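Q: In our numbering, the protein residues as written are 487 to 738.
Quick reminder that beta carbons are idealized off the backbone N, C-alpha and C, glycines included.
The model shown is predicted, which means the values in this text are computed figures rather than measured ones.
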Amino acid sequence: MRDEIELCPGVWVGENHPCFVIAEIGQNHQGDIEIAKELIKVAKDAGANCVKFQKKNVNLGWTKDVLDRPYMGANSWGPTYREHKQHLEFDTAQYQILQQFAREVGIPLMATPFDESSAEILHELEIPFFKIGSCDADNFFLLEKVASFGKPMVVSTDELKSLVSNIREIEACMGNGIKTRMEAEIPVHRKLGKGIVAKRDIRQGEVLSRDHLSVKTSDPQGWDPSDWEQLLGKTVKTALPADAPIREHNIE
487 MRDEIELCPG VWVGENHPCF VIAEIGQNHQ GDIEIAKELI KVAKDAGANC
537 VKFQKKNVNL GWTKDVLDRP YMGANSWGPT YREHKQHLEF DTAQYQILQQ
587 FAREVGIPLM ATPFDESSAE ILHELEIPFF KIGSCDADNF FLLEKVASFG
637 KPMVVSTDEL KSLVSNIREI EACMGNGIKT RMEAEIPVHR KLGKGIVAKR
687 DIRQGEVLSR DHLSVKTSDP QGWDPSDWEQ LLGKTVKTAL PADAPIREHN
737 IE
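Structure representation (structure tokens):
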């Protein structure tokens, strides 16, 4: 296993190389390209090595029923969750503008794709490397797509040595070593957690293949994406419409 990698042209990370600092802009630009430019400049002035955005195809990341729900909270940018999420997305032309601005400022720009379509767009934009969010660390459909581009890929496992050390300390404190989801994590997991859903309408009696499956946020959540291969060859007991979560009682 290599102990160093060229993350950006001429910039290496790994043993005996300086830390590579990524400034997470995410969607803090609030859908405003001028705010995005200001955040790029601030990141450069602060000494960051790179700026990172988030790229999502809203219709591919959430099921229709989730997107059509009213979303009228204090931080909402639209009356439905769909409109809220779409407000925060930049299109390809806007990303090209931001890329040019970042070049003028003198800092690399990249983004985290949350679906295969967004990964394709970012590849066409020739970002230097890909960063996978922790929510997609077990989304093998997305991971395989990004890996096919042959560019460096950073997966959010984050400081593994420190993580393992802290886990061992916590296990000792807990006594039995069993890690459970904290009460405060449950609402976030319900809102953002992803599962396997039907990629298209599936007839009763069809035998599942990879072409039947997609990974999306749905309510209720579908089959655990990390166990997607267990679905292959299973028979659908009742017809499933596109976007329907695939759960244990749907298959045999």
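For I656, which three-state DSSP category applies?
A: It is helical.
Q: Within the continuous beta strand (DSSP E) that includes V722, where are the two ends?
A: Unbroken run through V722: none, as it is neither H nor E.
Q: Tell me which residues share the same chain as S695 and place their Cβ nearer than 6 Å to its Cβ, disregarding the 5 neighbours each side in the sequence.
A: The answer is none, since no qualifying residue turns up.
Q: Decide if V693 is buried, meaning its Cβ has at least 16 other Cβ atoms within 10 Å, or exposed.
A: Looking at its Cβ environment, which holds fewer than 16 other Cβ atoms inside 10 Å, V693 is exposed.
Q: Starting from A605, trace the alpha helix (DSSP H) in both directions and tell me its first and last residue.
A: A605 -> alpha helix (DSSP H) spans 602-610.
Q: Ignoring anything shorter than 3 residues or poking outside the region 490-562, list the beta strand (DSSP E) runs there in chain order.
A: Runs of the beta strand (DSSP E) inside the region 490-562: 490-494, 497-500, 508-512, 536-541.
Q: Decide if the region 556-565 is in contact with the region 611-619; the criterion is three or more beta carbon pairs, one per stretch, under 8 Å apart.
A: Too few Cβ pairs lie closer than 8 Å, so no.
Q: Identify which residue in F587, E602, C505 has its Cα closest to the Cα of N625.
A: Minimum Cα distance to N625 is reached at E602.
Q: What first and last residue would you give for the alpha helix (DSSP H) that runs through P711?
A: Per DSSP, P711 belongs to no alpha helix (DSSP H) and is neither H nor E.
Q: Do the CB positions of V683 and T566 come within less than 8 Å of each other?
A: Taking 8 Å as the Cβ cut-off, V683 and T566 do not qualify as a contacting pair.
Q: Helix, strand or coil for I618? Go by DSSP, reduced to three states.
A: Residue state, collapsed to three classes: strand.
Q: Counting beta carbon pairs with one atom in the region 647-663 and one in the region 625-634, are three or more of them shorter than 8 Å?
A: The answer is no - the region 647-663 does not touch the region 625-634, with fewer than three Cβ pairs under 8 Å.
Q: Determine the DSSP secondary structure at A597, reduced to helix, strand or coil.
A: The answer is strand: DSSP assigns A597 an E or B state.
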